[in-house]
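Working notes, structure below.
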Amino acid sequence: MNKKIMAVLTSAVLAAGMLAGCGSKTPTTPTTTAAPSATAAPTKAEEKLKVTYIVGGNLGDKSFNDSAWTGLQKAQADLGVEIKALELGGDPSKQEPAIMDVSEDGTDIIMVASGGLTEAVAKLAPDYPDVKYVVFDVGPTYEITSDNVYGISFKQNEADFLAGAVGAKLSKSGVLGFVGGQENPIINDFLVGYIDGAKQANPDVKIAVSFVGNWTDSAKGKEMSFAQVLLGADVLHGVAGGAGLGVIEAAAEKKLWALGVDSDQTVLFKDSDPAKANAIVTSALKNVGDTLYNVLKANKDGKVNWGKRESLGIKEGAVGLARNDNYKKNVPAEVQKWIDELEEKVKNGAYVVPSAFTMTNDEFVNLKNSVKP
């Protein structure tokens, strides 16, 4: 049965340094981004593996989405795969049609992140047994029901545990900020780790928590950060995709520390906006790009556990903390040593970071309220 739904796609070549900035206009139709070829054209005896990354929002967030795309670009260069990105601009109504359309266009592997796209994969994957699907950044309760789907859960609570510990050590006021995108289990898991890490440094720490309600409104993210500063926050943290860029902007303007997320945002801003780069003392890393690269490498070697979901954390090198020059310069040596020790305890299992996924809603709300300024 032909399930293909026609869509108007706009092709564009994504060159380095031309990623769309935060606050760019949401496209009215999905946008396809094809990466420039990094290898010689295949012979008739060869056929490149075709990989499509369906982005729920847009590239250019200098965070999660861009990290994933960077990993795929590396796979193109090293492994000879053919890649493209389809950007849905944050429109949920395009999710199922996009999955169906790409499933019928000759793509071998489709990659999608948490949210409605992973739900669409769960629904549609059985109809396309010859296509493989990688669903990443799903929660530990996400069930894989098809043999052509591979799932990845990140232990983001472990990454933000380290970020919270650094933030509380650097804070002079004892108040931190946290701006989330949409309140959901994964973002709540970040927050639980953030609170626990901060309490390791300062048992009396306070944390102002706000949610933008989306992943793109950087102006609102900035406004919320300013409101948190009025509550005493002197270290700001955004876990909000493109909306989180406003948190970094607020920190730069107020000359406060920001904690980045997903990618090493200090490095990402180093050339384009040094003021923002200098404001980001470290980032809670979710190594999405490296993880997706490793999946494609494992697929080439026939070692992907299709039909399974795996949870990856500090121990597996999938999450962690950015220890760049800014971190080394501005975090006292004794604090760096203490952070290393904390990380090692998590890595070897001596300390288990609490998770929102093992809490009741009442327990989560009580935890959040316990640190309210």
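With mature numbering (1 follows the signal peptide of the UniProt record, and there is no 0) as the guide, the letters of the sequence shown map in order to residues -20 to -1, 1 to 353. For each residue, glycine too, the CB sits at the ideal point set by N, CA and C.
- In this structure the stretch 102 to 113 lies against the stretch 71 to 84, because at least three pairs of beta carbons, one per stretch, are closer than 8 Å.
- Collapsing the DSSP output to three states places W237 in a strand.
- In this structure the stretch 28 to 42 touches the stretch 221 to 232; the number of beta carbon pairs closer than 8 Å is three or more.
- Sixteen is the threshold: since fewer than 16 other Cβ atoms of the shown chains lie within 10 Å of the Cβ of N349, the residue is exposed.
- In terms of Cβ geometry, G157 and S133 do not form a close pair [threshold 9 Å].
- For Y130, DSSP records a beta bridge to V114.
- Its Cα nearest to that of G95, the residue Q162 stands out among Q162, V31, V61.
- Checking the DSSP bridge columns, you'll see D242 partnered with L265.
- When DSSP states are grouped into helix, strand and coil, K352 belongs to the coil group.
- It is roughly 11 Å from the alpha-carbon of K186 to the alpha-carbon of G144.
- For I90, the enclosing beta strand (DSSP E) stretches over residues 89 to 93.
- Distance from the CA of A264 to the CA of V299, rounded to the nearest whole angstrom, comes to 8 Å.
- Per DSSP, K74 is not a residue of any alpha helix (DSSP H), being assigned neither H nor E.
- Under a 10 Å Cβ-count criterion, E27 is classified as exposed, with fewer than 16 other Cβ atoms of the shown protein chains found around its own Cβ.
- Under the Cβ criterion (8 Å, minimum of three pairs), the stretch 165 to 177 does not count as touching the stretch 194 to 211.
- Taking every protein chain shown into account, the CB of D342 has fewer than 16 other CB atoms within 10 angstroms, so this residue is exposed.
- Distances from the CA of I166 to each of P120, S151, L142 were compared; the closest alpha carbon is that of P120.
- In the structure shown, A65 falls within a strand segment according to DSSP collapsed to helix, strand and coil.
- Here DSSP, grouped into helix, strand and coil, assigns S291 to strand.
- Taking the CA atoms as reference points, N258 sits about 8 Å from A232.
- Within the stretch 119 to 181, the complete beta strand (DSSP E) runs of at least 3 residues fall at 129 to 134, 155 to 160.
- The Cβ atoms of S73 and S243 lie no closer than 9 Å to each other.
- Nearest to A65 by C-alpha distance, out of K308, W286, A48, is A48.
- Taking 3 residues as the minimum length, the beta strand (DSSP E) runs contained wholly in the stretch 275 to 333 are 289 to 292, 299 to 301, in order along the chain.
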